[in-house]
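First to last, the sequence lines map onto chains A and B. The first sequence lines up with residues 11 to 280 when you count with my numbering. The second sequence lines up with residues 11 to 280 when you count with my numbering. From the three backbone atoms N, C-alpha and C, an ideal C-beta is built for every residue, glycine too. Data first, discussion second: the structure below is written as structure tokens.
Protein chains: 2
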Amino acid sequence: MMVLVNGELADTLSVHDRALAYGDGVYRTLELIDGQPRLWPWQWARLQADCAALALPCPDETVLLAELARAASGLARAVAKVTISRGQGMRGYAIPVAAAGSRVVAVSAWSGYPPACAREGIAARWCDMRLAIQPRLAGIKHLNRLENVLARSEWQDPVLREGLMLDSEGYVVEGTMSNLFVLRGGEVLTPALDRCGVSGALRAWLLDSLPALGYLPKVVRLLPQDVLMADEVFLCNSLIGIWSLARLDERIWDDFALAQRLQARLARES
Amino acid sequence: MMVLVNGELADTLSVHDRALAYGDGVYRTLELIDGQPRLWPWQWARLQADCAALALPCPDETVLLAELARAASGLARAVAKVTISRGQGMRGYAIPVAAAGSRVVAVSAWSGYPPACAREGIAARWCDMRLAIQPRLAGIKHLNRLENVLARSEWQDPVLREGLMLDSEGYVVEGTMSNLFVLRGGEVLTPALDRCGVSGALRAWLLDSLPALGYLPKVVRLLPQDVLMADEVFLCNSLIGIWSLARLDERIWDDFALAQRLQARLARES
């Protein structure tokens with residue numbers, strides 16, 4: 011793994027960094043092919059939006075792309091994590107006037123997921139952990155991720171690849187590490203992320219790509235029964251790609267047709 | 011400032027530490043007199059409870075006290091921050107089986123606050139930022155503090171020493187960095203922290219100490235009008251001690267009698 015901190019080779023951050031103290035930052039995880047990030051327009055748009063939402067210093071696009079390429083040198087396929095922190099601060103929540111930001115680019119060789127996950131779908135469960143409703147932070151891929159950590163800690167069974175999370179009012183929001191889409195009666199639906207949840211880059215790509223396949227996706231409040239009654243359900247993130255749900259507790263699906271069309275389209279996307 | 015990371019002199023943490031990645035940890039801030047933490051029974055109880063709530067490895071008490079004393083050597087009065095993180099992990103929310111934890115003890119000379127804050131009370135404001143209702147994380151002094159960061163970023167006026175925060179249902183919970191008590195009609199009330207907020211060590215000390223002054227404090231849901239109609243309002247944390255509210259928007263208080271009795275008692279507490 012190669013790590014660049016503010017462009018320098020390093021693998022540590024100051025203990026006074028506000029990412030550590032308060033989770034005061036955002037991140038993205040992305041796939042690199044020959045040093046080039048896939049789905050970059052969608053990743054970059056999300057990173058810019060998230061930095062703006064927290065008034066974080068967004069890195070220069072050219073600098074960031076150069077650092078990704080450098081950290082991935084020699085790797086045909088790699089995983090990158092980009093973390094943008096407020097930077098160092100002294101005691102107290104107040105944002106330092108001179109906060110310079112910290113930029114961590116960590117790249118490692120692609121380890122991937124079993125191809126069967128994408129081909130045959132996966133098994134998932136419902137999480138007990140609920141997402142709190144916090145419109146001010148909703149959608150942002152920020153570093154305050156204890157809800158996801160606790161949700162993911164609910165199961166150890168490796169057969170279960172994902173857990174679905176509800177908000178505190180009982181609406182379905184996402185998986186612990188993925189966004190969710192359902193196909194029902196010819197309509198594609200995905201949960202609104204205006205009150206909680208993480209707005210993923212691949213979710214944005216799917217919303218942009220579905221019309222070309224004849225679907226105008228709707229962003230809605232979704233109940234558990236909407237998922238259970240769906241014709242197809244699929245999860246997405248930038249590393250797993252698109253995974254169909256084959257099983258959710260007792261519910262079994264065997265129609266993955268739309269997910270497979272989207273996988274094929276995604277495979278052609280640079 | 012002296013910083014010990016897992017007992018070794020250091021001032022950095024791995025970029026793979028989960029405190030940085032997810033805010034997966036807890037912390038306490040405390041005052042040291044000649045290397046001895048004040049209010050230690052309350053601080054230690056809160057640290058243990060918070061570690062237990064997140065299944066974090068709680069440090070050994072003897073080890074932690076020795077590290078605090080070492081980091082404070084030469085300082086008659088000091089400020090310590092103790093951070094307990096899940097430790098290093100690889101990609102993904104799942105808690106590593108072998109997570110060893112990271113322990114950061116940072117000590118610096120006491121810088122303090124103007125004595126007038128304790129003597130004459132302070133001015134505060136209402137924050138627009140609301141605390142989300144998340145019972146699973148309520149009370150824990152964890153590292154997911156973006157709500158506090160955003161609340162504190164709402165004002166720059168140095169005259170305003172604190173901002174009061176409501177939860178998403180409109181109940182008063184706390185200050186951005188302090189807990190809150192009100193005296194009204196001879197009763198002492200403080201907000202319940204079962205749905206959000208941070209349970210501070212000095213709050214616990216106050217709840218334990220008020221009966222000796224003739225008050226049986228009640229832990230309740232408090233509305234903004236309950237604060238505005240109170241005879242006395244005071245804020246507390248382990249560094250500021252006890253500050254009366256002298257002004258909240260248009261509301262002025264000049265009775266600080268109970269707060270002053272508590273300050274006197276706190277001054278005698280080791």
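DSSP-derived helix/strand/coil call for residue i
i               : result
Q144 of chain B : coil
P47 of chain A  : strand
L153 of chain A : coil
R8 of chain A   : Nothing can be reported for residue 8 of chain A, as the shown portion of chain A is limited to 11 through 280.
D60 of chain B  : helix
E184 of chain B : strand
D218 of chain B : helix
Q166 of chain A : coil
R231 of chain B : coil
V73 of chain A  : helix
N16 of chain A  : coil
L78 of chain B  : helix
Y103 of chain A : coil
Y37 of chain A  : strand
P125 of chain B : helix
L199 of chain B : strand
A88 of chain B  : strand
V117 of chain A : strand
L258 of chain A : strand
L223 of chain A : helix
W263 of chain A : coil
D204 of chain A : coil
D177 of chain A : strand
V243 of chain B : strand
D21 of chain A  : coil
L66 of chain B  : coil
R135 of chain A : strand
R271 of chain A : helix
R96 of chain B  : coil
Q249 of chain B : Residue 249 of chain B is actually Leu in this sequence, not Gln. L249 of chain B falls in the coil class under three-state DSSP.
Contacts that residue i makes with chain A (C-beta to C-beta distance below 8 Å)
i               : result
I105 of chain B : V159, R162, S163
R146 of chain B : M139, R140, E157, L160
Under 8 Å from the C-beta of residue i: neighbouring residues of chain B
i               : result
V169 of chain A : Here the premise fails: no neighbours, minimum Cβ distance about 14 Å.
I143 of chain A : A142, I143, S178
Cutoff 8 Å: residue i Cβ touching any chain B Cβ
i               : result
A134 of chain A : no
Rounded distance between the beta-carbons of residue j and residue i, thought under 8 Å
i               : j               : result
G131 of chain A : A256 of chain A : 3 Å
Q53 of chain B  : A277 of chain B : Not a contact, Cβ separation roughly 17 Å.
L156 of chain B : N154 of chain A : 5 Å
A214 of chain B : F244 of chain B : Between F244 of chain B and A214 of chain B the Cβ distance is about 15 Å, and since that is not below 8 Å, they are no contact.
A206 of chain A : Q166 of chain A : Ala is not the amino acid found at residue 206 of chain A; the sequence shown has Cys there. Not quite, the Cβ-Cβ distance comes to about 25 Å (not below 8 Å), so this is no contact.
A90 of chain B  : L14 of chain B  : Not confirmed; about 10 Å, so no contact.
V237 of chain A : V198 of chain A : With a Cβ gap of about 13 Å, V237 of chain A and V198 of chain A do not count as contacting.
I150 of chain A : V36 of chain A  : 6 Å
CB contact below 8 Å: residue i versus chain A
i               : result
I94 of chain B  : no
V208 of chain B : no
V243 of chain B : no
V13 of chain B  : yes
Residue i CB to nearest heavy atom of the ligand HEM below 7 Å
i               : result
Q235 of chain B : This structure lacks the ligand HEM; in fact it carries no ligand of any kind.
Proximity test, Cβ basis, 8 Å: residue i and chain D
i               : result
R231 of chain A : Absent here is chain D; the protein component of the structure consists of chains A and B.
Item to check | Members of the region 149–165 of chain B that neighbour chain A once the beta carbon cut-off is set at 9 Å | outcome: I150, H152, L153, N154, R155, L156, E157, N158, V159, L160, A161, R162, S163
Item to check | Interface residues of the region 22–45 of chain B facing chain A [CB-CB below 9 Å] | outcome: T22, L23, S24, V25, H26, D27, R28, A29, L30, A31, Y32, G33, D34, G35, Y37, T39
Item to check | Residues in the region 178–198 of chain B having any Cβ partner in chain A nearer than 9 Å | outcome: S178, T186, M187
Checklist entry - Residues in the region 108–126 of chain A with C-beta within 7 Å of chain B's C-beta atoms, listed in sequence order? => result V114, A116
Next on the checklist: Under 9 Å, CB to CB, which of the residues in the region 215–240 of chain A have a partner in chain B?
Outcome noted: none
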